[in-house]
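Peer 1: After the structure tokens below, expect a handful of questions from me.
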Amino acid sequence: MKKTTRDFDVTCFMADDGYRLRASAFMDMAQDMALQGSQELGFGFDRMNSVNMGWVLYRMYFKFLRPVIWREHMTMNTWHKGLEGLVFLRDFELLGSDGQQAVVGTSSWVVLDMQNRSFVRNDALPPFVNPEPQNTEDAVEERAPKVVIPPGLEKKPVREHIVCYSDTDFNGHTNNVKYVVWAMDRIDPEYASTHQVKEIAVNFNRETRLGDTIMIYAAEEPTDSGRIFYVEGFVGGLQTFAVKIVY
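Each residue of the sequence shown is one higher than the one before, counting from 0 in numbering that gives the first Met the number 0.
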């Protein structure tokens, strides 16, 4: 019942103008921790690449329990939580120096055949991919949800974005954190600077690549305690991503 663990300090480039850890910076760390965790379990990038397969992020869901501040020393844990249907689950927790949780979350992954870009069935998985959980503990009990704009909310086109060099990663497609960056940039900066993110849910529905033109739409829903922002991206009329940000 182990976890992959790493300590780090919140650096200046990870913080916003309120000296708080940016949600995208946390997700950068989570992404790298997922790579490290799968590598430690024997089914990391190199091993999967050797059989022309790869891990693809399907959904993510994080809860921000308290602000994490510039220069604060933190510990991040992640663990493989096993296979559920066609989806592999991986949870995360970010702990303060007091050992208390500051951010918790879960993610869902699928295995992709890199040649034909199709999902790999469970009976076709390589033998070194262990479907059994490394740890059965829940960082959050619920699974990463499907993001849907509620009926009645007006969805407005807000910008057109062409995927550029800084958006892509070593897989040649848009890095998953960039979708959160694009979504956060659609929020009024004065509001974002003075309010704390409570939850973020992301759905990754289709990959995008260098040069793709993405039409980005946004909707907003007021609540008793804050606001909920929805951001979607489309290429050729097909949804590529959907993000829900709760303040």
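Cβ coordinates follow ideal geometry from the N, Cα and C atoms, glycine included.
Answer yes or no: do residue 10 and residue 35 have a C-beta to C-beta separation smaller than 7 Å?
Peer 2: As a first step, residue 10 is located in the sequence shown; it is residue number 11 there, counting from the start. As a first step, residue 35 is located in the sequence shown; it is residue number 36 there, counting from the start. Contact flag unset, no.
Peer 1: According to DSSP, simplified to helix, strand and coil, what is residue 2?
Peer 2: As a working mapping, residue 2 is identified with position 3 in the sequence shown. Looking at residue 2 - three-state DSSP - the assignment turns out to be coil, as it is neither helix nor strand.
Peer 1: Starting from residue 246, trace the beta strand (DSSP E) in both directions and tell me its first and last residue.
Peer 2: Counted from its first residue, the sequence shown places residue 246 at position 247. Residue 246 -> no beta strand (DSSP E), and no H or E assigned at all.
Peer 1: Quick one: Cα of residue 126 to Cα of residue 86, how far?
Peer 2: Here residue 126 refers to the residue found at position 127 of the sequence shown. Here residue 86 refers to the residue found at position 87 of the sequence shown. Using only the alpha carbons, I get a separation of about 17 Å.
Peer 1: What is the DSSP secondary structure of residue 200, counted as helix, strand or coil?
Peer 2: Reading the sequence shown from its first residue, position 201 is the one you call residue 200. Here residue 200 sits in strand by DSSP.
Peer 1: Could you check which residue in 242, 233 and 1 has the C-alpha nearest to that of residue 198?
Peer 2: Position 199 of the sequence shown holds residue 198. Closest option to residue 198, Cα to Cα, is 242.
Peer 1: Return the CA-CA distance between residue 213 and residue 161, expressed in angstroms with no decimal places.
Peer 2: As a first step, residue 213 must be located in the sequence shown, where it is residue number 214. As a first step, residue 161 must be located in the sequence shown, where it is residue number 162. Those two C-alpha atoms are separated by around 6 Å.
Peer 1: In the DSSP assignment, find the beta strand (DSSP E) that holds residue 73 and state where it starts and stops.
Peer 2: Position 74 of the sequence shown holds residue 73. Residues 72-83.
Peer 1: DSSP three-state label for residue 158, please.
Peer 2: Counting from 1 along the sequence shown, the entry for residue 158 is found at position 159. In this structure, residue 158 counts as strand in the three-state DSSP scheme.
Peer 1: Here's the rule I'm using: 16 or more other beta-carbon atoms within 10 Å means buried, otherwise exposed. How should residue 62 be labelled?
Peer 2: On the sequence shown, residue 62 is found 63 positions in, with the first residue counted as 1. Classification of residue 62: buried, given that the 10 Å Cβ count is 16 or more.
Peer 1: Please give the ranges of any beta strand (DSSP E) in the region 80-161, keeping only runs that are unbroken, at least 3 residues long and fully inside the region.
Peer 2: List check, beta strand (DSSP E) in window: 86-94, 100-112 and 155-161.
Peer 1: For the putative contact between residue 52 and residue 112, defined by C-beta atoms under 8 Å, what is the C-beta separation to the nearest angstrom?
Peer 2: Reading the sequence shown from its first residue, position 53 is the one you call residue 52. Reading the sequence shown from its first residue, position 113 is the one you call residue 112. Contact flag correct, Cβ pair sits at about 6 Å.
Peer 1: Start and end of the beta strand (DSSP E) containing residue 54?
Peer 2: If you number the sequence shown from 1, residue 54 lands on position 55. From DSSP, the beta strand (DSSP E) with residue 54 extends over 52-63.
Peer 1: What are the boundary residues of the beta strand (DSSP E) that residue 13 is part of?
Peer 2: Position 14 of the sequence shown, counted from the start, is the residue given in the question as residue 13. That residue, residue 13, is in no beta strand (DSSP E); it is neither H nor E in DSSP.
Peer 1: Would you grab the beta carbon distance between residue 180 and residue 23 for me? Rounded to a whole angstrom, and I think it's under 8 Å.
Peer 2: Position 181 of the sequence shown, counted from the start, is the residue given in the question as residue 180. Position 24 of the sequence shown, counted from the start, is the residue given in the question as residue 23. Their Cβ separation, rounded to whole angstroms, is 5 Å, which keeps residue 180 and residue 23 in contact under 8 Å.
Peer 1: Tell me whether residue 72 is buried or exposed, calling it buried when 16 or more other Cβ atoms sit within 10 Å of its Cβ.
Peer 2: Taking the first residue of the sequence shown as 1, we reach residue 72 at position 73. With fewer than 16 Cβ atoms within 10 Å of its Cβ, residue 72 is classed as exposed.
Peer 1: Looking at the unbroken beta strand (DSSP E) that takes in residue 228, where does it start and where does it end?
Peer 2: Translated into positions along the sequence shown, residue 228 becomes position 229. Looking at the DSSP string, the run of the beta strand (DSSP E) that includes residue 228 is 226-234.
Peer 1: What are the boundary residues of the alpha helix (DSSP H) that residue 207 is part of?
Peer 2: Numbered from its first residue, the sequence shown carries residue 207 at position 208. Where residue 207 is concerned, there is no enclosing alpha helix (DSSP H), given that its DSSP letter is neither H nor E.
Peer 1: Does the beta-carbon of residue 177 have 16 or more other beta-carbons within 10 angstroms, so that it is buried, or is it exposed?
Peer 2: Within the sequence shown, numbered from 1, the residue matching residue 177 stands at position 178. By the neighbour-count rule (16 or more Cβ atoms within 10 Å), residue 177 is buried.
Peer 1: Between residue 208 and residue 184, what straight-line distance do the alpha-carbon atoms span, to the nearest angstrom?
Peer 2: Indexing the sequence shown from 1 puts residue 208 at position 209. Indexing the sequence shown from 1 puts residue 184 at position 185. Those two C-alpha atoms are separated by around 20 Å.
Peer 1: Just curious, the alpha helix (DSSP H) that residue 36 is in, first and last residue?
Peer 2: Along the sequence shown, one-based indexing puts residue 36 at 37. Per DSSP, residue 36 belongs to the alpha helix (DSSP H) from 22-39.
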